[in-house]
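Residue numbers (my numbering), protein chains in the order written: chain A, 6 to 241; chain B, 512 to 838; chain C, 341 to 633. Ideal Cβ positions, reconstructed from N, Cα and C, are used throughout, including at glycine. All of these numbers come straight from a predicted model, not from anything done at the bench. Working notes for the structure below.
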Amino acid sequence: MAPLLEVRGLEAQYGWTKVLHGLTFSVEEGGITTILGANGAGKTTTLRAVCGMVRTRGEVTFDGRPIAGRATEDLVRLGIAHVPEGRGTFVNLTVEENLRLGAYARGGAGLGDDMARVFQYFPVLMERRRQTAGTLSGGEQQMLAVARGLMARPRLLLLDEPSLGLAPLVVREIFRIVRTINREQRVSVLLVEQNASLALRLASHAYLIETGRVVMSGPAAELRENETVRRAYLGY
Amino acid sequence: MTGRVLRSGLLAAALVLAVALPFTVSNFRMFQFTQVFIYAIAVLGLNILIGFNGQFSLGHSAFYAIGAYTAAIMIDRWSVPYGWTIPTAGVLCLVAGFLFGIPALRLEGLYLALATFALALSVPQILKYFENWTGGSQGIVLTKPGAPAGIPLNPDQWLYFLTLAILLVLFVLARNLLAGRTGRAIVAIRDNPIAAEAMGVNTALYKSLTFGVSAAYTGVAGALSAIVIAYVAPDAFDVFLSITFLVAVVVGGLASITGAIFGALFIQFVPNWAQDISKAAPWAIYGVLLIGFMYAVPRGIVGGLRLAAARWSRRREPAPATESSRG
Amino acid sequence: MDILLQQIVSGLATGGIYGSVALALVMIYEATDIVNFAQGQMAVVSTYIAWSLLNAGVPYWAAFVATLAVSFVGGLLLERIVIRPVEGAPVLTVVIVCIGLLVIFNSALGWVYSYIQKPFPSPFPDRPLRVGNVYFGAHDIGALAVTILVLIALYCFFQFTTLGLAMRAAAQNPTSSRLCGIRVGWMLAIGWGLASLIGAVAGMMVAPIVTLDPNMMAGILIYAFASATLGGFTSPGGAVLGGLIVGVIENLVGTYVHFIGTELKLTVALAMILIVLLVRPSGLFGRTAVHRV
Numbered sequence: 006m007a008p009l010l011e012v013r014g015l016e017a018q019y020g021w022t023k024v025l026h027g028l029t030f031s032v033e034e035g036g037i038t039t040i041l042g043a044n045g046a047g048k049t050t051t052l053r054a055v056c057g058m059v060r061t062r063g064e065v066t067f068d069g070r071p072i073a074g075r076a077t078e079d080l081v082r083l084g085i086a087h088v089p090e091g092r093g094t095f096v097n098l099t100v101e102e103n104l105r106l107g108a109y110a111r112g113g114a115g116l117g118d119d120m121a122r123v124f125q126y127f128p129v130l131m132e133r134r135r136q137t138a139g140t141l142s143g144g145e146q147q148m149l150a151v152a153r154g155l156m157a158r159p160r161l162l163l164l165d166e167p168s169l170g171l172a173p174l175v176v177r178e179i180f181r182i183v184r185t186i187n188r189e190q191r192v193s194v195l196l197v198e199q200n201a202s203l204a205l206r207l208a209s210h211a212y213l214i215e216t217g218r219v220v221m222s223g224p225a226a227e228l229r230e231n232e233t234v235r236r237a238y239l240g241y
Numbered sequence: 512m513t514g515r516v517l518r519s520g521l522l523a524a525a526l527v528l529a530v531a532l533p534f535t536v537s538n539f540r541m542f543q544f545t546q547v548f549i550y551a552i553a554v555l556g557l558n559i560l561i562g563f564n565g566q567f568s569l570g571h572s573a574f575y576a577i578g579a580y581t582a583a584i585m586i587d588r589w590s591v592p593y594g595w596t597i598p599t600a601g602v603l604c605l606v607a608g609f610l611f612g613i614p615a616l617r618l619e620g621l622y623l624a625l626a627t628f629a630l631a632l633s634v635p636q637i638l639k640y641f642e643n644w645t646g647g648s649q650g651i652v653l654t655k656p657g658a659p660a661g662i663p664l665n666p667d668q669w670l671y672f673l674t675l676a677i678l679l680v681l682f683v684l685a686r687n688l689l690a691g692r693t694g695r696a697i698v699a700i701r702d703n704p705i706a707a708e709a710m711g712v713n714t715a716l717y718k719s720l721t722f723g724v725s726a727a728y729t730g731v732a733g734a735l736s737a738i739v740i741a742y743v744a745p746d747a748f749d750v751f752l753s754i755t756f757l758v759a760v761v762v763g764g765l766a767s768i769t770g771a772i773f774g775a776l777f778i779q780f781v782p783n784w785a786q787d788i789s790k791a792a793p794w795a796i797y798g799v800l801l802i803g804f805m806y807a808v809p810r811g812i813v814g815g816l817r818l819a820a821a822r823w824s825r826r827r828e829p830a831p832a833t834e835s836s837r838g
Numbered sequence: 341m342d343i344l345l346q347q348i349v350s351g352l353a354t355g356g357i358y359g360s361v362a363l364a365l366v367m368i369y370e371a372t373d374i375v376n377f378a379q380g381q382m383a384v385v386s387t388y389i390a391w392s393l394l395n396a397g398v399p400y401w402a403a404f405v406a407t408l409a410v411s412f413v414g415g416l417l418l419e420r421i422v423i424r425p426v427e428g429a430p431v432l433t434v435v436i437v438c439i440g441l442l443v444i445f446n447s448a449l450g451w452v453y454s455y456i457q458k459p460f461p462s463p464f465p466d467r468p469l470r471v472g473n474v475y476f477g478a479h480d481i482g483a484l485a486v487t488i489l490v491l492i493a494l495y496c497f498f499q500f501t502t503l504g505l506a507m508r509a510a511a512q513n514p515t516s517s518r519l520c521g522i523r524v525g526w527m528l529a530i531g532w533g534l535a536s537l538i539g540a541v542a543g544m545m546v547a548p549i550v551t552l553d554p555n556m557m558a559g560i561l562i563y564a565f566a567s568a569t570l571g572g573f574t575s576p577g578g579a580v581l582g583g584l585i586v587g588v589i590e591n592l593v594g595t596y597v598h599f600i601g602t603e604l605k606l607t608v609a610l611a612m613i614l615i616v617l618l619v620r621p622s623g624l625f626g627r628t629a630v631h632r633v
């Protein structure tokens, strides 16, 4: 089966500084793939590059179609939902309005059903749906961000550091929900994470990047056993 | 290294040109350049505030007016020699700017803009109100001073060189101020006030002081303009003058000392060109030129020159790492 | 007492106009951090369009609606054509472009229509309205009603339509909006269109009071600026309320405090606003900006 997202020789730069040096990776349809790496390795940039948010060079195909250089606004229409670093919450809008915006690109058909579905995954958002998003806790905002992404009915969900700044218990809860969504909705996931141990437990396939290059890749279980990965990223 | 040599060369050439100018062009043209130097002083003052310190002002026409009226009243009412009125105007505006800067500390961005805007709006009205001192809407007519005995220059030439000399002194002063410790504090406040405060910069004091210095420059320019034009009237100091200064700051280049000269040249000569192009709607032409200019060099003339220089040196040397990467 | 009531209503009428222009300023400011100095002048252009239509014999309300449509499209195109090329430039650069627009419009209007003042009709009857023993100017009441209607329509648009929601989102968080598929550039353009439309209403409502000339809005823009500052540049509702407050204060000061007279009226109004600002530096209803270190 051809991969859903295929990236070949991806380069990206901020100003005159190159951040990615020819990254190659792919995401299987229906799977969870994770990209691991330290701070500054280029994880966030990779997602931003896929979404046309930075200047890039290289091949990006989604579902067999080349998408490199497409405008960010168009990608969600193709079926890619990006949950950005720092959650990208519209803090002055209500939870419900945030969710409505998630469905904006597809014209809002079946809005009620979709909202009911994400409320099943995230019951707390149902309780808080009339509150402005800025009043939510960090964990709730992360849930809202994932829920907003789901409202687009994506085929691929890009998650950027969902664990950032959250308590371990909350992180585990969110990861559990992501797994459920992946199984039930057949949404493929590309997860970028610093928390390698959690990410490797969730994902089926993993890439390790350092300073903008892939240095190791393989099934998540294999990477978990790898000596180097264990020492440098898992810490035991 | 070559860049510095080039810059010194250009500066020397500009100076030679400036000194030779009064003997090569008409009196009227020379008068226009005197006006450019005066504007440049005011624009530099405003740029110190906006460009280097990040405080916004639409009220500098008020300080220009204070400077002008200080000179005019001292000369006309008290027969003070004009030479004394220039530093007096500077000091007076320094104090006025400093005092205005204190309440302005509480205001940021737009709110400061409105506060200063209000100041600029009220000045012509206030000047008309205190008729006994200011001559009301009629203003005050002065006589143009001649060159001191023994200097073979006509009055306009003398004032040209006087203005040029003051301009040079003030530019060197500004350069030294901004290149040193004080300058770093002023810029740090613009870039990150909280971090500056944390590093021990007395933000409040520096901001008020910068306001004062900025006003002082503009006040000196105002005094010079009163002497050179030999006339002051309230309506010359309306809000539009403030906006013109702002245009000059942005056109010249924010946070650039030499930019003030370019900006001053723009506000002095471009309206004239516009007049030449269309007598019917000169300001429409001016607006088009202004917008076109901003398209061509969105970061002002000096910003554009810096970009060109960076590109040029990049072609010869490997690129410097300017930005840090993100994870 | 009756005079007081009359003056308050009259103040509310002009205050509504200040508030409308203030709202137009705030809408663009919230989305882009730009103060559109050309806002008032754009309104004057709209009013001249209406004047030309009326002069050509178009009935008032048809001309009114046509002017709104033209103003909306004009504002939208202005953003796409003139402002867009400097989208990524520093804020002050865009402000200078707006100043350029201001002088272009002003000068072009003077060229086409001359600077001579032109009377502009009011759609409301000349006869004052009598309530009990108090007489109100029909145009004051009518202008206030039109302003309120426009504001309500606008509120509903932003609150209850998907497009309105998308515009609010784009103003607040452009990056996230793009990820949701919102075309942020077009949202800005529509914002300019709406701001221009609001200005057109304000222009047509104020022209019968002050008569039409190319500089008609200069003073009003200053009051609008003050209103927005008073209410808070981050609060659309605050801007409108600020306008009403400024309008009423201005009127009452002019009527009751004789030594100030019309000469210093503006100075006094601004001074009062400055005092408010010193107590509440972000306006009465504005959010205090939170800075990240």
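Within 8 Å, strictly: CB atoms of residue i and residue j
{"i": "Leu555(B)", "j": "Phe682(B)", "result": "yes"}
{"i": "Val12(A)", "j": "Val81(A)", "result": "no"}
{"i": "Gly359(C)", "j": "Gly521(C)", "result": "no"}
{"i": "Phe625(C)", "j": "Gly587(C)", "result": "no"}
{"i": "Val524(C)", "j": "Ala510(C)", "result": "yes"}
Residues that residue i contacts on chain B, provided the C-beta gap is smaller than 7 Å
{"i": "Asn376(C)", "result": "Neighbours of Asn376(C) on chain B: none; closest Cβ ~12 Å, over 7 Å."}
{"i": "Ala635(C)", "result": "The structure shown does not extend to residue 635(C), since chain C spans only 341 to 633, so no value can be given for it."}
Range covered by the alpha helix (DSSP H) that runs through residue i
{"i": "Gln379(C)", "result": "379-395"}
{"i": "Tyr212(A)", "result": "Tyr212(A) -> not in any alpha helix (DSSP H); beta strand (DSSP E) instead, spanning 210-215."}
{"i": "Asp373(C)", "result": "Segment: none, Asp373(C) is in no alpha helix (DSSP H) and carries neither H nor E."}
Closest by C-alpha distance to residue i, when choosing among the options
{"i": "Arg62(A)", "options": "Gln146(A), Ala225(A), Lys23(A)", "result": "Lys23(A)"}
{"i": "Ile439(C)", "options": "Val527(B), Ile796(B), Ala531(B), Val652(B)", "result": "Ile796(B)"}
{"i": "Ile368(C)", "options": "Ile343(C), Ser536(C), Val437(C), Phe464(C)", "result": "Ser536(C)"}
{"i": "Ile37(A)", "options": "Gly57(A), Val192(A), Ile179(A)", "result": "Val192(A)"}
{"i": "Ile72(A)", "options": "Val234(A), Gln136(A), Leu15(A)", "result": "Leu15(A)"}
{"i": "Thr279(A)", "options": "Val100(A), Leu155(A), Leu164(A)", "result": "Residue 279(A) falls outside the range modelled here, since chain A spans only 6 to 241, and no answer is possible."}
{"i": "Gly543(C)", "options": "Ala529(C), Ala483(C), Trp532(C)", "result": "Ala483(C)"}
{"i": "Ile488(C)", "options": "Tyr453(C), Thr501(C), Leu618(C), Met545(C)", "result": "Met545(C)"}
{"i": "Asp749(B)", "options": "Phe641(B), Asn558(B), Leu630(B), Lys655(B)", "result": "Leu630(B)"}
{"i": "Ile677(B)", "options": "Gly520(B), Asn538(B), Thr545(B), Phe539(B)", "result": "Thr545(B)"}
Span of the beta strand (DSSP E), counted from its first residue to its last, around residue i
{"i": "Pro224(A)", "result": "218-224"}
{"i": "Gln190(A)", "result": "Counting along the chain, Gln190(A) falls outside any beta strand (DSSP E), though it belongs to the alpha helix (DSSP H) covering 173-190."}
{"i": "Ile449(C)", "result": "The amino acid at residue 449(C) is misidentified as Ile; the sequence shows Leu. Per DSSP, Leu449(C) belongs to no beta strand (DSSP E); it is in the alpha helix (DSSP H), 431-453."}
{"i": "Ser193(A)", "result": "193-198"}
Buried versus exposed, by CB contacts within 10 Å (16 or more), residue i
{"i": "Thr140(A)", "result": "exposed"}
{"i": "Lys639(B)", "result": "buried"}
{"i": "Phe534(B)", "result": "exposed"}
{"i": "Met710(B)", "result": "exposed"}
{"i": "Arg133(A)", "result": "buried"}
{"i": "Glu189(A)", "result": "exposed"}
{"i": "Arg229(A)", "result": "buried"}
{"i": "Ser835(B)", "result": "Confidence is the limiting factor: at Ser835(B) the pLDDT is only 34, short of 50, which leaves the residue's position unreliable, though a coordinate-based value still follows. Ser835(B) comes out exposed."}
Contacts that residue i makes with chain C (C-beta to C-beta distance below 7 Å)
{"i": "His87(A)", "result": "Leu519"}
{"i": "Gly138(A)", "result": "According to the sequence shown, residue 138(A) is Ala rather than Gly. Chain C residues near Ala138(A): none, gap ~10 Å exceeds 7 Å."}
{"i": "Pro614(B)", "result": "Leu618"}
Contact list for residue i against chain C, beta-carbon separation under 8 Å
{"i": "Ala792(B)", "result": "Ser447, Ala448, Gly450, Trp451"}
{"i": "Glu78(A)", "result": "Arg518, Gly521, Ile522, Arg523, Val524"}
Closer than 9 Å at the beta carbon, the chain C residues around residue i
{"i": "Gly42(A)", "result": "In chain order: nothing, as chain C lies at least about 22 Å away."}
{"i": "Tyr742(B)", "result": "By Cβ distance, chain C contributes nothing, its closest Cβ being about 23 Å from Tyr742(B), past 9 Å."}
{"i": "Phe563(B)", "result": "Within 9 Å Cβ-Cβ: nothing; Phe563(B) doesn't reach chain C, min ~14 Å."}
Cross-chain neighbours of residue i in chain B, by beta carbon under 9 Å
{"i": "Gly440(C)", "result": "Val758, Tyr797, Gly798, Val799, Leu800, Leu801, Ile802, Gly803, Phe804, Met805"}
beta-carbon residue i near the ligand ZN non-hydrogen atom, thresh 7 Å
{"i": "Leu171(A)", "result": "Absent from the structure shown: the ligand ZN. Ligands present: none."}
Within chain A, the residues that residue i reaches when beta carbons sit closer than 7 Å
{"i": "Ala509(C)", "result": "Phe95, Leu98, Leu106"}
Contact list for residue i against chain A, beta-carbon separation under 9 Å
{"i": "Leu505(C)", "result": "Leu98, Glu102, Arg105, Leu106, Tyr109"}
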